[in-house]
Structure formats: C-alpha cells, structure tokens
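Chemist:
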Amino acid sequence: MSRPIIIAVPKGRILAEALPLLAAVGIEPEPAFADEDSRALRFATTDPGIELIRVRAFDVATYVAHGAAQLGIVGSDVLLEFDYSEIYAPVDLGIGHCRISIAEPAALAAADDPRGWSHVRVATKYPELTRRHFEARGVQAECVKLNGAMELAPTLGLATRIVDLVSSGRTLKDNGLVEVEVIAEVTSRLIVNRAAFKTRADRVVPLVDAFRRVVAGRTAA
Numbered sequence: 054m055s056r057p058i059i060i061a062v063p064k065g066r067i068l069a070e071a072l073p074l075l076a077a078v079g080i081e082p083e084p085a086f087a088d089e090d091s092r093a094l095r096f097a098t099t100d101p102g103i104e105l106i107r108v109r110a111f112d113v114a115t116y117v118a119h120g121a122a123q124l125g126i127v128g129s130d131v132l133l134e135f136d137y138s139e140i141y142a143p144v145d146l147g148i149g150h151c152r153i154s155i156a157e158p159a160a161l162a163a164a165d166d167p168r169g170w171s172h173v174r175v176a177t178k179y180p181e182l183t184r185r186h187f188e189a190r191g192v193q194a195e196c197v198k199l200n201g202a203m204e205l206a207p208t209l210g211l212a213t214r215i216v217d218l219v220s221s222g223r224t225l226k227d228n229g230l231v232e233v234e235v236i237a238e239v240t241s242r243l244i245v246n247r248a249a250f251k252t253r254a255d256r257v258v259p260l261v262d263a264f265r266r267v268v269a270g271r272t273a274a
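Take a look at the structure:
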C-alpha cells in the first residue's frame, strides 16, 4: 500500500474557512479532528489515501518545504516570510483575508511621516519580510522578534512600531495603535512540495486541480 498523502492544515483563524474547501474536494477529517479534548495532531480522512496534520501556521510551510507533508494550506504572509524555494503555491484559495501592516501609537502617528523614516525599531513575528520591506525603501530596520501580543511592544517601550497581521483593526484600536502603512494583502494558498509534485504526480496533481476547480466555482458563483 502506498504512503498516504499528508496535507498540513493550520491551527487558528484559517482552519474554519479551510474545512469547507477540503470537504468540497472530498476530504473530511475523522470525528476526532473536531474533539476539543483530543491531543492528536494527525488524522485520517474520508479518503483512505489522505491524512491531515494540524500544526501552527508557520510550521505548515516548514513541513511542506521539507517533504514531511506533500500539500498544505497557509497564509501568503508565511510564504513571504520564509520564501522557501521547495514550495510551489499554485492556488490562491481566497480565504483568510487580512493584511500585513505597520502600526504605531496614535499620538505618534498624528505627527509622523513615514516618508521621513531612516531608522525604525519594530516588533514583529515577520523579521525577514519586515527587513526586506524597509530595505527596499532605504530604511534601516531593527527587528525585535515576538510571537504574539505585538501590541504591547510600543506601550512598554520595547519598540516604537509593530508589523503584524491586521483584520478588523480592533485589536490595534483597543491598544492605542493605528495603521500607517499596508505592506501586503494576505490570503491563504494551497502549497505543494515541488519534489512531490513530480514524484507523486498521480495523486498530487488531481488534488491541485480539484482545489482549483472548487475555487473557480466559488468565484464564479
């Protein structure tokens, strides 16, 4: 019996939107997947040749890049941060809409002009993406790596500004911050390990085509 195709799916905000897409291509996880008390991370599906693993969003790209999973679903923010050459992203799934933005305290923003920046100290979980963005503008960026609670950094003096995902903007507002620049719009993508796309084409290519058809159908509806 051939090895199952492993699809890495992210914990958190994207998962709820990803499950209907998976179901539409005939992939539904076993009941334990929905059990909040379950500590399992690997799950069978209605397709005996496909299994799901549920991991952190940043780890989805790593599992796929290294071939531990053949496909995955992940935000384009993660792809921009890691820029793995081993990953092919053939389908924009049109879910998980948000943006990567620069934000700063409202009082500072009232008198600030981003065009005048020459050096910035930024708290972010996207240090590579952030450095590249500012380097392209000729701005030196000192990045403080954080994995969460980014909005605390300016209020506690850790960094003047943050670069983070923004959806509604409510969290920024509640913490006295405002967006001053959008770096990139973000959606979730179907990603594929490039080697698996060739060596397991008999299973991987039809899956990619199925996702593409589902997304096209949704767009046309």
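Numbers given in our numbering equal positions in the sequence shown, counted from 1, plus 53. Even for Gly, the Cβ is constructed at its ideal location relative to N, Cα and C. For clarity, every value in this text was computed on a predicted model and none was experimentally measured.
1. Which term fits E104, buried or exposed, when burial requires 16 or more other beta carbons within 10 angstroms of its beta carbon?
2. Use the C-beta contact count for K251: other C-beta atoms within 10 angstroms, 16 or more gives buried, fewer gives exposed.
3. So, does the region 184-196 touch the region 118-130, judging by three or more C-beta pairs under 8 Å?
4. If you reduce the DSSP assignment to three classes, tell me which class L146 lands in.
5. Only counting the same chain, and skipping five residues up and downstream in sequence, which positions put a Cβ closer than 8 Å to that of G222?
6. Give every residue of the same chain whose Cβ lies closer than 8 Å to the Cβ of V144, excluding the five residues on either side of it in the sequence, and list them in chain order.
7. Can the beta-carbon of V108 be found less than 8 Å from the beta-carbon of P63?
8. Closest to L182 by C-alpha separation, out of S171, L74, K198, G169, would be which residue?
9. Nearest CA to the CA of A71: which residue from R214, G149, P207, A156?
10. Got a sec, what are the start and stop residues for the beta strand (DSSP E) A160 sits in?
11. Find out if the Cβ-Cβ distance for the pair R95, I80 is shorter than 8 Å.
12. Three or more C-beta pairs closer than 8 Å, one from the region 204-219 and one from the region 84-93: is that the case here?
13. With distances taken Cα to Cα, identify the nearest neighbour of R66 among A76, A110, S91, R214.
14. Compute the beta-carbon to beta-carbon distance between G147 and A61, rounded to the nearest angstrom, for a pair I have assumed lies under 8 Å.
15. Return yes when the C-beta of F250 is under 7 Å from any heavy atom of the ligand FMN, and no when it is not.
16. According to DSSP, simplified to helix, strand and coil, what is A202?
17. Tell me the start and end of each unbroken beta strand (DSSP E) in the region 79-115 that is at least 3 residues and wholly inside, in chain order.
Modeler: Let me lay it out:
1. buried
2. exposed
3. The region 184-196, when compared against the region 118-130, does not touch it at the 8 Å Cβ threshold.
4. coil
5. E232
6. R242, L243, V261, F264, R265, V268
7. yes
8. Cα-wise, what sits closest to L182 is K198.
9. G149
10. That residue, A160, is in no beta strand (DSSP E); its alpha helix (DSSP H) goes 159-162.
11. With respect to I80, R95 sits apart: the two C-beta atoms are not nearer than 8 Å.
12. no
13. A110
14. At roughly 19 Å, the Cβ-Cβ gap does not stay under 8 Å, so G147 and A61 are not in contact.
15. No copy of the ligand FMN occurs in the structure displayed, which carries no ligand at all.
16. coil
17. With a minimum length of 3 residues, the continuous beta strand (DSSP E) runs that stay inside the region 79-115 are 95-97, 103-108.
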